[in-house]
Structure formats: C-alpha cells, structure tokens
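Undergrad:
There are 4 protein chains.
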Amino acid sequence: MIIILKKDVTQQEIDHIEGKIASLGLKVHVSKGTERTVLGVIGDEAVIRNQPLTVLPGVEQVMPVLKPYKLASREFRSDDTVIDLDGVRIGNQKIVVMAGPCSVESEEALLKIASAVARSGATCLRGGAFKPRTSPYSFQGLGEEGLKHLDKARKETGLKIVTELMDPRDAELVFEYADIIQIGARNMQNFRLLTEVGKYRKPILLKRGLSSTITELLMSAEYIMSQGNYQVILCERGIRTFETYTRNTMDLSAVPVIKNLSHLPVICDPSHAVGRWELVKPMAKAAVAAGTDGLLIEVHHDPENALSDGVQSLLPSKFSQLMEELKPIAQAVGRKI
Amino acid sequence: MIIILKKDVTQQEIDHIEGKIASLGLKVHVSKGTERTVLGVIGDEAVIRNQPLTVLPGVEQVMPVLKPYKLASREFRSDDTVIDLDGVRIGNQKIVVMAGPCSVESEEALLKIASAVARSGATCLRGGAFKPRTSPYSFQGLGEEGLKHLDKARKETGLKIVTELMDPRDAELVFEYADIIQIGARNMQNFRLLTEVGKYRKPILLKRGLSSTITELLMSAEYIMSQGNYQVILCERGIRTFETYTRNTMDLSAVPVIKNLSHLPVICDPSHAVGRWELVKPMAKAAVAAGTDGLLIEVHHDPENALSDGVQSLLPSKFSQLMEELKPIAQAVGRKI
Amino acid sequence: MIIILKKDVTQQEIDHIEGKIASLGLKVHVSKGTERTVLGVIGDEAVIRNQPLTVLPGVEQVMPVLKPYKLASREFRSDDTVIDLDGVRIGNQKIVVMAGPCSVESEEALLKIASAVARSGATCLRGGAFKPRTSPYSFQGLGEEGLKHLDKARKETGLKIVTELMDPRDAELVFEYADIIQIGARNMQNFRLLTEVGKYRKPILLKRGLSSTITELLMSAEYIMSQGNYQVILCERGIRTFETYTRNTMDLSAVPVIKNLSHLPVICDPSHAVGRWELVKPMAKAAVAAGTDGLLIEVHHDPENALSDGVQSLLPSKFSQLMEELKPIAQAVGRKI
Amino acid sequence: MIIILKKDVTQQEIDHIEGKIASLGLKVHVSKGTERTVLGVIGDEAVIRNQPLTVLPGVEQVMPVLKPYKLASREFRSDDTVIDLDGVRIGNQKIVVMAGPCSVESEEALLKIASAVARSGATCLRGGAFKPRTSPYSFQGLGEEGLKHLDKARKETGLKIVTELMDPRDAELVFEYADIIQIGARNMQNFRLLTEVGKYRKPILLKRGLSSTITELLMSAEYIMSQGNYQVILCERGIRTFETYTRNTMDLSAVPVIKNLSHLPVICDPSHAVGRWELVKPMAKAAVAAGTDGLLIEVHHDPENALSDGVQSLLPSKFSQLMEELKPIAQAVGRKI
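This is the structure we're talking about:
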C-alpha cells in the first residue's frame, strides 16, 4: 500500500498515520519527494486494504500495490486451469461450444435442438430451467421439469448440461442435474449464492455482470474459490454502455486481459452480448480470434415462437454453418473447435 | 405496439406478420406512409410484449406503446403512496431521515450512534447485519447478533430499523427484526429475492442497481408488488459511469423522473452515491432540493476504525450540523425534515 | 511518480529503469516491500508524466503523485477566482443566472425573451448564433446576424452576452460581440480552439464534454490558462450514461468536487443535462443547493415553434416562478440569487 | 413519425397537434387503440424530425420511423463504397493496413518505421504532425515539418499517407500533403471541421468519438457527404465505459452493425481501443474476424522513447509477426491482407 500525503501535512498527522499502521502490525517506509511525502507500507497488504485510510488527516490518496484477489490470480497459479468433464476439457486447446435454447420449453423441442447442436459439434447443451426475467409477467422457466428434460437430452445426446442457478434454495436440485452450473450476469455479485456454489465440487460458469469490471469478476470468482471450489469458468457476455443499437457492448478485450491476470478459463456469449441473431456470427468469429476458450450460443429451431430471447437465437442450420466457418479461424490461432 | 416494416417488405411477409398477431387474439391497423408501412397492434399489449417480433421477415423495428410496469405506475394509482410505520410516514410532506453505520459492529457502538442520530432528528436507524462485500475476505456482518443489537437500539431510541436482506433463506429472520427491509443495489435484479419479499407485508427499501435504468428499477418494484406487497420505497444511490473521482455518479434527476412515472416514495443515499464523506453534505442538500422523500446517510462515531465504509461516513457532529442546514432547504421546497 | 515493479523483476531490469529515470535528471528512491519493490521518483513529475514507463521490462504499474494540471488547481491558487464583468461577478456570493433561447432566431423574438429574463433577475443573456447540430440538415444558427441581435439585446436590457464559438476562424468576430465566450461540450477537447480563446482576455465558459472526466475538464481549462487567459468558468451540463430517460445524466457532485480541486467558478446547465423542461426546475434547485456559482437556463416564449431545443426550454412565466423559488434555497446555503 | 398520445388527451389537444402537423404540409393518420391513440404522420419525415413535438399538450412520446441520415445509409446506396487511392482500395476484399508511429518525431525515425511497415505489408503510413494532446504541456507535433517528413516517406516507400487534421485553418496544408485525412475521435462532432473537409475531394478517415453512438458517427459522416465528399472511411477506436483496465472498450460489434446500416468502409484501430501493446495482437485478429475493411496500428521502433503513445505501440518485429498471423484469419473470412 502506498499512501500519498497532502502537501501541507503536519508531523503530528504523519505520526498519527504511522501509529495507525503500526497498530495493524505493519511497518512504514517514508519517502520525501520534491512535492509530496509518500509512505510505503511494508507487510501483508490484505491487513490494511479495507482500512478507510483516506479519512486520516493529512492523507491525500491511497494506492494498493497488489491485486485484491489471490486464488484467481495468475500469480497464484501460473499454469492454465483446465476443467475436465469426462473428456470435455475447458481451458484446453480445443474450444468448447455450449449451445441450446435460452429456456427449456418442452421435452420435444429441447431434444430436437440438442441433437442438432450435437451434430454440428457442440459438446455442451445450454438451457434455462430457472429464468431471470426483467418482468414478473414473463415466462419464468419450467423449474424441475426443465431439469428433467435436460437430463433426458444428456442421455440421448451425450452433451454435458449447463443450466442456471438463481436461488441458493435450489442449489441441491440444480447441482444434482447439471454438469456445469451457471451464475447469471445479474447474480455475479449475489455473494450468498457465490458462497453456496463454492461449497460444491462441480464447475461454475460465472457470467460477468452488466456493469462489472474485470477485477470485480475475478473477485466474484475468488468468492467461489475461497470456499474450495476451484472449477470456475469466466464468461464475457457484454457490458452496459451508452450504445443502444446492440443489447450490450461485447468487451472482447476482456479475453486477453483475463488470460493475463488469471489462470481460469474464459468463454464468450455473443448471443447475449449483441442481442441480435445476425450479429452473432461475426462476434463468435471475433471471440475465437481473440483467444476465447469457449462459446455459449443460443440456438432455437423456431425463434419466432421462442418463449425468450428469440431475437438473438440462431436457427440450427445457421449454427451448423457457423461451426464450419469457425474451424479455420480456430486453426489460425492454434486451436481446434 | 407499433411495428415498422422494412421498405421492401412483401405482401406475403405482411400477411405472415398479421397472422402471427391474429394468433395472439389481437387486431392490426395498417398505415401506409410515404416511406414505410406501419402496423398498429390493437388490444392488450402485455400479450405481445415478449414476442420476438423483430425476427419476423419484413419487420424493421418494434416500438411498445405502453410502459412495461403497471402496479408501480402513476397511471395505476395517481395519488402518492404514503407508507406508515406507526407514525413515521414515508412519502409524505415530512422528509424521513434514515441514518446509522454501514455495518452493525457491536452493541455499544450501535447504541452510541443510534442515540446520536435520534437526537439530531433521524427517525430510522440504518445498519447492516448481513453485508454484501466485494471481497470474501472482508467483514461480512454479525448476522443474527447484529439484528439483536438493532432491536436493542430500537427499544432504547424508538428509531425504526432498516436493514438489508441478501438471501431468501434469511427472510423470516430479517423480517422478524426489521421495520423496513432493504434490498441492496447488487440484488436489485435478484428476482427470487424480490419475489420472496413480495410475500411479506412490511415495507421494502429497493435500491437502484449500479447500471439499472429507472424503468428497470420500476420493473423490480413491480416484481415485489405483483406478490401483493405494495409498500415499496425506491432509492437512488448512484450509478456507475466513466467518472472515477466519485464512487458512483448520483443521478438526482431520477427523483423528479420517478415522481412523474410512479406513485411510490423515492429516497436518496448520498453516502453510497459519492463515497466520500466531504461530498455527502452538498449532495444531501441537493437531494432535498430535488424533491426526495427521504435520505439514507451513513454515520459513524469513529470512521477511522469503521469495519466498512468509513470513508463515506459522517461523524455524529457533522450529521447533526447537516440536519440543521437541511431545514431551510426543506422549507424552501414546501417540506419539513 | 511511483513505479511498482513486477514480482519477478530482475536487477538488470531495475538498473535499466533507474538509468532511464536518471537520464531525465530525476532521482530514484527504492523501497523493497514484502511482495513488491516500489520505486519513488524524486524531482519534477512533469518531466516524467508522459514517458511510457509501463513498457519498460519489469514495470507492473505506474502511479502519478501529482495532479496533471497546475494553473487550474486549488493548490496553485487557494482563493476562489471571481470574474468581474462590469459588476456582474461570477464565482462570488451571488449566484449568476444566464438565461435565454438555445438559438437566436430573430431580433424580435430575442428582445422579447431578453427583456423577460432580465425582469426575472437574470444578469446574462445566452443565445447561440453559431449552433453545433448533430444533423447537417438542421438549423445552423444566424451567424453574424445573430451576434448583432445579441448586441441589440444587450443595449436594450443591460444583460451581458454569452454565446458559443465553434471555429477558430470566427474568434475575432465572436470576441468582438460577446461578453462571455462559450466552448460547447462537443468542443471541450478541441485543443486548437482552446488555445485560440486562451489568447484573448475575455471570460470563457467551458462546458464539460459528454464523456469527459472532471480531470479532463480541468486539463482543458489548463489549455486556456496556459495561454494567459485565466478567466475560465467551468460548466456541468450532464454526462452520457446508459440511462436514456433523460438526455444526459446531470453529475451534480461535480460542483463540490471542482470546488475542492480548483479555484475556478463552476456553473450548471440543467436544461441540457436533463433535456426536458419539466425537470429543469427541480434540477436547478438541486444545483443551487449543491453550491453552484451560476445557472445556464434555456428560456423561450414559444417552445412549440423553437428552432432548437424547444423540448427543454422554459416559458418566461415558468422561468420567473423558478427564480422566485430559488431565492430561499440560495439563502439556505448562504448565497443570493 | 409516430406520435403516441397521453391516455387522457382531449379532442382539443388532438386538434392542436393535427393543426401543427398540417401547418408543416404533412398529413395525419389516427389510430385508436385499446389504451392509447396513436398518430401516424404521412409525408417527408425530415420536415418534422426537429420539431419539439413532445412539448405539445397531450403528446406522450414521439418515435421517428426513418433513420436521421440519408447519404451514409445502406438504403441510399446498396453496394459497398470502395475508395480507390491509385490502387490501394479501401472497402474491398483486401484488408488495408495503415501502420506507423503515433507522432512523426523525426525524418530518420519515420523513414525507419515506414520502410519496416511497408516490408511487412502495410500499404498506408499513419503518423501525426498535428497532435491532439490532453495536456498543453505535452508534445503537440511537428506541424508542417512533420508533413514534409511524411511526404519523404511516401516517396521512399510508396506508402499512402494518413495524417490528422485538427483545425480548419490547416486544411489546405494538410490536404496538400496527405492521401487520407484523419478526423480524430475528439473532433468527431467538430461540425465546422467536418463541413470543411467535406469541401475537398480526398478520402476522410472519421474516427468514432469516445462516447458517440453508431448513429452519431453516421450523422457525422453525413455532414461530410452533404458537402459533396463521399469518400468517408469510418473507424472504430474504442468507446469510453466504466472499465478502466483498458484505455477504452473496443466495440467490435460496430463493424457488422455499420456494414448493415451503411455502405461506407469501416476500419478498426486496436491500438487506441485497448491502449496496451500486448493486447493489440488479439484485438487486431478479432477485428479481422469480425469483418473489418482495414486496420490502423501504431508501430514504433523504440517505444520506450516515443514522444506519444509508446505504451500501445508495437515494435516492427511484432508488427511483422502480427501481419503473418492475420493472413489465415483473413482467408478464413474470405478476405486477403
């Protein structure tokens, strides 16, 4: 921690600040510059990070030296984390594709979509049984019935199941059925839910919040990891900006940034990022070129009649075409798909 | 619902769109303009709002005519909602002040702060027993013990208790102790939590999410109200923007906007909005001038040693001074404090 | 300047960094912490601020110690700057009100509005002769003819004239007619224009850019001041955020923040900030309560037929009423209006 | 134009609105729905677009039917615009690479970089002679001397010259030397400068403003085109968001969106978008995959000592490597580089 003092700081104020730091078991290194005196705090920064040092008289600014997360950091673990789901490996050379409908709507529809995406090369099936909807009057998902349909689809296709958990009270149920448990963007800082899923030992797909920084995303991963569950997959799905033409603004630079800062795998969800099916293709390609470890893509056989997110869903035929077009790009960046 | 068609739309496409609308039990009114044909949908807009109409061939743009919320709207109820807590009335001519520490830290500290803020004119005591913290390594609150301290403070001072609920599993416990239950900014779209608190019959203080529009805030209020709990207090607490000097950017225009759109009371939290104690005073004054129904202000007797949010907490003496300075402003806008 | 080194920095890298700093005539102070080595640069920070230090091998992060502006800073001048225009003093105890139409449309209309706002207590007349319009097909202002109308209005009412300069080629002309020269939000970082107006000796009203930080606003003031023109009035007029209900989001906390950081006067433009006339009143009041030195308000006698910004213009009668309602608020914060 | 009326609109108000529309030479089509009456305006929307209709009593909301730009729209011209510079074609199957230093620093340095980027496959040389800098104390560019160095580099390498124009007073000079004239992000809404460059007949490279929507970018292109200069190249260079890890957030979805809305070529500037050289590579690849028509990349042979933007400049060797790595991606999307 670096503490920059005010120009007119008094010796008494400096003594008080040093006393405060000493009381936390840390040492101070004083550096008098031409314009300002700067204090360097020596010792474990975690002890002092949450102290409201800027209220101390004489303090102008406080700057942390270390990142606020540890287990999620590249420094903690220099090798990439690879998550292995009976052969489906996430964070590996092969880019993982998770595709399927926004919501599970019926067994029949789900099986139709599942077999189509499996044929095209997806290895995971996404589909919501519990749906976070902006309006209380919108379709909220089929609940346990939806989970059963997902289970059926898994048995029939061999696809791994990705589905969202919204409520800690449903954790047992959802963990029973799902292979990967998704935490949605609106719950990225639902800390009790993060703590809950940290107690299980299945992979968590953690979506970046609409207005969350990359640092906050890694802090939320840290919440899960601090409970012992190290299998966290991060997901860029668009952030909220002033631009309204697209549903959100896809922050693709998050992919190489997270790769620098963390050892965790990172995937991209172009469907939610852009919110229009005709933009999904170019953005999926861009994500692969930027180095994503996976893609999460909404596919529906009848978007006109989808109960949610029809506007951003690809038809199975378009998805199949996209998968073909992604292959040479993956190869160009030394990956497979 | 207004549907603007593409310039080159075919009659077959128009027939298909009309068929889709008819299948929902609605009628269509066709208006051919110079440049575009526009369809007006006649009937209950709620039926068609979530339909992915933009995927229909020939559709360029879809525009809803009505607001997506109903119970929360000024149209549904033209008179202001006033929430009455045994005499403490929120949404009334008298501006309600809720003050106290960010977290409940100990019984002794809480009682000291509570009696100070009561003396200065606050009628509600704020204090967190369950704390949403960005880091898993930060103080997470005292839990039930904190609720007991709040109860004690209520008995000693007569202040009403405002405290946050983070997890539906704690709902019974928190509703037992609190007079007003706070839903934090990060949980504004935790829809399961909203549904849960909608089942109770105590006032809910709903904070605006960091990147939530005013419409989304009203939709979240609608979630609570759709369960039968009509006692919702909205709270502007700063939104996330590119400006980093302040913790958030306080969107004070939200106060008159919400007053236009909704009958619900709206209060302001300058402490979280700006994140620096020296800015709380001018922004509290500005909030009163803009027409707020209440203020939520962090007060701590020893900010240097606060376990959370020390940087933005006022000393009791400064809070007392602020309360005095707010009086003539309240009077100038026809209110009391 | 503080330089935080990477965990695995080598001695050779440190030597190279120290050499680079020494080559700029500065000294280095090395501080070895538990986790990181930190270099403090001793000497004039201005010399090193624009050096791309983060590209040096071994550097993790670079933190400036000083603000990047000097002449505009409170440190440079501790007393408030008061700008005096033959008795109209800006930055003084009396809040200055600048009112008038968005565009000068005709002599007759301008005189009608000018006499109305003068009667209600405004001391400056705003009105654009050169108009920045998003569309090339919109009314672009009357040009010199508009300036002549403003001159006429000044003679008839005694109001000081505020008008916008968009192009350095018009500087001579506009400086001849105007008392205060406005630099619009979209030109806040038109550095050539800033340099140009810095050469004159009349007050400049500098509006904050739509996505400019407070620091950048002060840097743009520094541009003007660096040319010798110290009469700069800063103006908060709303920033661009994700919220679309209002035209922009008014960042009222900018007022007390700028008062802390700078000695320059700061005024507010609620008309552009919110973009709807019915919100101008509460936000003007809030601005006064927050400590603004002045208000810039659009007034039009016939908003329905205004050539620009009719939606956000107040009728003279509403403006007059607002002026009355502002008086007790100004008084409550120790000011006059 | 669609006008949605308030629920409680009176017949008198409707008559007034219809009268207003009739006075503009347009017709009205009334559609009474279940909840609202909607007026469709028949005739040329351009006539009514800038009318402040929302101030008319009884009006709730106004919705334009058409886009506000015309010449820049895909509807105006369905074929892609291809700009031809003696064989260097922009907007064509071959992706154009414009590379070079941020600023022209000296003839020697420029020639060194120019020959390096030419060898690696760039066809245009970027380099600023007039530099927009946030601080008045930073290097402002070499001016005409810089233009002469660029001219020399063109003669030696055959590269086309891209350089920025900041001030209409320099237009003649810059147009004399440059092949492509750049309008920087901070000048995207410097309407007088746009009008000026619209009078010439050389290609304009128009960078998206930091907080400009895609619609506003196209409106600025319209400004240039409305003067008769149809050779406009649009450039995505990152927008300002809450994320601070990168300099800006690169909005890659702007590429396919602009391709849908406009016939103009669109290129990407990953260097400014991310602001860190190590992120330029993945984002350049992503831009190609997303369908960009060109890349603008900062290259410097000695970033440590660059006078501006050293942090985001690639070494020539890294640039050369990037060019190789881009080839298979370009091929994968049916392009060449």
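Chain order of the listed sequences is A, B, C and D. Here this note's numbering is used: the first sequence runs in plain steps of one and ends on residue 343. Here this note's numbering is used: the second sequence runs in plain steps of one and ends on residue 343. Here this note's numbering is used: the third sequence runs in plain steps of one and ends on residue 343. Here this note's numbering is used: the fourth sequence runs in plain steps of one and ends on residue 343. Ideal Cβ positions, reconstructed from N, Cα and C, are used throughout, including at glycine. Note that the structure is a prediction, hence the values are computed from the model and not measured.
Short check: CB of Ile23(C) to CB of Thr298(C), under 8 Å?
TA: Result no, Cβ atoms of Ile23(C) and Thr298(C) do not sit closer than 8 Å.
Undergrad: Any chance the segment 46-53 of chain B sits against the segment 260-274 of chain B, with 3 or more Cβ pairs inside 8 Å?
TA: no
Undergrad: Quick check: Val203(C) and Glu242(C), are their CB atoms within less than 8 Å of each other?
TA: no
Undergrad: Does the beta carbon of Tyr251(D) come closer than 8 Å to any beta carbon on chain A?
TA: yes
Undergrad: If you draw a straight line from the C-alpha of Ala292(C) to the C-alpha of Met329(C), how long is it?
TA: 13 Å
Undergrad: In chain order, what residues of the same chain lie with their CB nearer than 6 Å to the CB of Met69(B), ignoring the 5 residues before and after it?
TA: Ile8
Undergrad: Just checking: is the beta-carbon of Val61(A) within a distance shorter than 8 Å of some beta-carbon in chain C?
TA: no
Undergrad: Considering only their Cβ atoms, is the gap separating Pro107(D) from Gln279(D) smaller than 8 Å?
TA: At residue 279(D) the sequence reads Ala, which differs from the Gln that was named. For Ala279(D) and Pro107(D), no; Cβs fall outside 8 Å.
Undergrad: Does any C-beta atom of chain C lie closer than 8 Å to the C-beta of Val71(A)?
TA: yes
Undergrad: So what does DSSP say about Ser226(B), is it helix, strand or coil?
TA: helix
Undergrad: Of all the options Glu19(C), Asp157(C) and Leu224(C), which has the alpha carbon lying nearest to the alpha carbon of Glu114(C)?
TA: Asp157(C)
Undergrad: Along the beta strand (DSSP E) that carries Met172(D), what are the first and last residues, could you check?
TA: Run containing Met172(D): none; DSSP gives neither H nor E here.
Undergrad: Residues in its own chain within less than 7 Å of Val36(B) by CB, not counting five upstream and five downstream?
TA: Thr43 and Leu45
Undergrad: Taking only the alpha-carbon atoms, compute the straight-line gap between Ile27(D) and Lys33(D) and give it to the nearest angstrom.
TA: 7 Å
Undergrad: How about Val317(C): is its C-beta nearer than 8 Å to some C-beta of chain E?
TA: The structure shown contains no chain E; its protein chains are A, B, C and D.
Undergrad: For the segment 20-37 of chain B, which residues have a CB atom closer than 8 Å to at least one CB atom of chain D, in sequence order?
TA: His35 and Ser37
Undergrad: Using three-state DSSP, classify Lys73(D) as helix, strand or coil.
TA: The three-state secondary structure of Lys73(D), taken from DSSP, is coil.
Undergrad: Residue ranges of each beta strand (DSSP E) run of no fewer than 3 residues wholly in the segment 180-244 of chain B, ordered along the chain?
TA: You should have 186-189, 210-213 and 238-242.
Undergrad: At a Cβ threshold of 8 Å, is Leu321(D) touching chain A?
TA: Chain A contact via Cβ: absent.
Undergrad: Can you look up Ser37(C) in the DSSP assignment and give me helix, strand or coil?
TA: strand
Undergrad: Quick check on Gly25(D): does DSSP put it in helix, strand or coil?
TA: helix
Undergrad: From Asn254(B) to Glu151(B), what distance separates their C-alpha atoms?
TA: The alpha-carbon atoms of Asn254(B) and Glu151(B) are separated by roughly 31 Å.
Undergrad: Select from Gln237(A), Val168(A), Lys13(A) and Leu223(A) the residue whose C-alpha is nearest the C-alpha of Gly244(A).
TA: Leu223(A)
Undergrad: Specify whether the segment 171-189 of chain B and the segment 127-140 of chain A touch according to this definition: at least 3 beta carbon pairs, one from each stretch, less than 8 Å apart.
TA: no
Undergrad: Can you name the start and end residues of the alpha helix (DSSP H) that Met289(B) belongs to?
TA: Trp283 to Ala296
Undergrad: Three-state secondary structure (DSSP) at Val110(B)?
TA: The answer is coil: DSSP assigns Val110(B) none of H, G, I, E or B.
Undergrad: Does any residue of chain B bring its CB to less than 8 Å from the CB of Thr169(D)?
TA: no
Undergrad: Could you work out which residues of chain A lie near Tyr143(B), taking near to mean beta carbons separated by less than 7 Å?
TA: Ala52
Undergrad: Quick check for students: name the residue ranges of the alpha helix (DSSP H) that lie wholly in the segment 139-170 of chain A, counting only runs of 4 or more.
TA: Annotation note: the segment 139-170 of chain A contains the following uninterrupted alpha helix (DSSP H) runs of length 4 or greater, listed N- to C-terminal: 150-163.
Undergrad: Where Thr250(C) and Tyr206(D) are concerned, what is the direct C-alpha to C-alpha distance, given to the nearest angstrom?
TA: 37 Å
Undergrad: Please confirm whether Glu228(A) has its beta-carbon closer than 8 Å to some beta-carbon of chain C.
TA: no
Undergrad: Comparing C-alpha positions only, which one of Ile343(A), Lys287(A) and Leu301(A) sits nearest to Met104(A)?
TA: Leu301(A)
Undergrad: Answer yes if the segment 281-289 of chain C comes into contact with the segment 91-101 of chain C, meaning at least three C-beta pairs across the two stretches below 8 Å, and no otherwise.
TA: no
Undergrad: According to DSSP, is Ala336(D) part of a helix, a strand, or is it coil?
TA: helix
Undergrad: Report the option in Gly97(D), Gly93(D) and Ser79(D) whose CA atom is closest to the CA atom of Thr87(D).
TA: Ranking Gly97(D), Gly93(D) and Ser79(D) by CA distance to the CA of Thr87(D) puts Gly97(D) first.
Undergrad: Using a C-beta to C-beta distance shorter than 7 Å, which residues of chain C count as neighbours of Asn193(D)?
TA: Under the 7 Å cutoff, chain C gives Asn196.
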